[in-house]
Amino acid sequence: MLVLGPKKQRDLLLNLTINLDGCTVVSNKNVKDLSITLDPDLSFDEHIKTGSRTAFFHRRNIAEISNFLSKNDADKLIHAFVTSRLGYCNALLSGYLDKALNKLQIVLNTAARILTRTKKCDHITPVLASLHWLPVKARTDFKVLLLTYKALHGLAPTYLSDLVLPYIPTRTLWSQDAGLLIVPRISKQTAGGRAFSYRAPFLWNGLPTHVRDADSVSTFKSLLKTHLFSGSCD
């Protein structure tokens, strides 16, 4: 059981236990749900630590046998054991501090070097670009924006669609037909700024019009990836 809320209120519930049909349930500092490690602050610090540790373990094992692998086989292993883990539910990390995401970025960088046999002294940005790999931060934003596009086109669950509301100006302005969304006010930057209800419209409104107006999911993904690549390489 995980107790969520402000720390002052959580401190009043230290060592909380609940009896459910004869079973005693105790509170814990971290719990797992669908392989996501949750903490009382929803900071995902422990989730990042665990994810980077696991991905690094597999990356190291692949590195040890990389000389015996073809590039195609190495690519399959890295995708199966490294990049797929970094991408799992990564929308939860959108808006996270760059410094905190650095652990995951290091894993991605080293995986790219293994696959391309690039030296540590070589600049990593061209390497990632050659593989068409977005940096970790851009990957998290990509996932949020893809969910937003699907929510706006009836391709996502209603609990997500209900969180993205079109902006309708009181006067006839240029933005009326631009497909902008309402960005809600937030009272707390640490958690509120990472909520989908805020992060989705915030990122969406920053996209060029031609990306927002994509006529299919595949076209949107292609245009979005190009846009995020240009931003990450600036």
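In the numbering used here, the protein residues as written are 16 to 249.
Using N, Cα and C, we set each Cβ at its ideal position, and we do this for glycine too.
What number of angstroms, rounded off, separates the C-alpha of residue i from the C-alpha of residue j?
{"i": "T65", "j": "R74", "result": "14 Å"}
{"i": "L146", "j": "S42", "result": "44 Å"}
{"i": "K86", "j": "I77", "result": "12 Å"}
{"i": "A193", "j": "S58", "result": "34 Å"}
{"i": "L180", "j": "I63", "result": "31 Å"}
{"i": "F157", "j": "D137", "result": "26 Å"}
{"i": "A126", "j": "L175", "result": "33 Å"}
{"i": "R154", "j": "S109", "result": "8 Å"}
{"i": "A70", "j": "R100", "result": "7 Å"}
With distances taken Cα to Cα, identify the nearest neighbour of residue i among the options.
{"i": "C38", "options": "M16, S58, N45", "result": "M16"}
{"i": "L123", "options": "H138, V179, V97, L92", "result": "V97"}
{"i": "S227", "options": "I201, F211, H168, F244", "result": "Note that residue 227 is Arg in the sequence shown here, rather than Ser. The option with the nearest alpha carbon to R227 is H168."}
{"i": "G102", "options": "Q120, D54, D88", "result": "Q120"}
{"i": "P184", "options": "W148, T133, V198", "result": "V198"}
Can you look up residue i in the DSSP assignment and give me helix, strand or coil?
{"i": "K47", "result": "strand"}
{"i": "N220", "result": "coil"}
{"i": "Q191", "result": "Only weak support is given to the placement of Q191: the predicted model assigns it a pLDDT of 49, under 50, and the question is left unresolved by the model."}
{"i": "I181", "result": "Strictly speaking, residue 181 in this sequence is Pro, with Ile absent from that position. DSSP places P181 in strand when its eight states are reduced to three."}
{"i": "L107", "result": "helix"}
{"i": "V41", "result": "strand"}
{"i": "N30", "result": "coil"}
Need the endpoints of the alpha helix (DSSP H) that residue i sits in, please.
{"i": "T234", "result": "232-247"}
{"i": "V251", "result": "Any answer about residue 251 is impossible in this case: the structure gives the chain only from 16 up to 249."}
{"i": "T98", "result": "Segment: none, T98 is in no alpha helix (DSSP H) and carries neither H nor E."}
{"i": "D60", "result": "60-79"}
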